[in-house]
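Residues 798 to 867, numbered by our numbering, are exactly what the sequence shown covers, in order.
Structure record follows, encoded as structure tokens.
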Amino acid sequence: MRTLNTQPFDSDLLEQAKQLGGHQTEQETLNEALKEYIRWRKRIEEIQNFGTIDFEPDFLAEMDRRSQPR
């Protein structure tokens, strides 16, 4: 874990996040906020990439064939 120097921040936002999240400390609030930010950014990236994956033409047929009982 790394300790950062004191940086200016919006204390009202931090207090709101602390209350909404039910967190006991500012550190807990900030850590959870960073995790949530990362989750949202990854989700946005997934949405932007949706439909951009190219499958082999016979990919789905092969998957169906493999899932059939023998």
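The beta-carbon is built from N, C-alpha and C at its ideal position, and this holds for glycine as well.
Please go through the same chain and pick out, in chain order, the residues whose beta-carbon is closer than 7 Å to the beta-carbon of residue i, but skip the five residues on each side of it.
i, result
"residue 830", "814"
Here's the rule: buried if 16 or more other CB atoms are within 10 angstroms of the residue's CB, otherwise exposed. What is residue i?
i, result
"residue 826", "buried"
Using beta-carbon positions only, say whether residue i and residue j come within less than 8 Å of one another.
i, j, result
"residue 823", "residue 810", "no"
Closer than 7 Å to a non-hydrogen atom of the ligand ATP - does that hold for the CB of residue i?
i, result
"residue 818", "The ligand ATP is not part of this structure, which contains no ligands at all."
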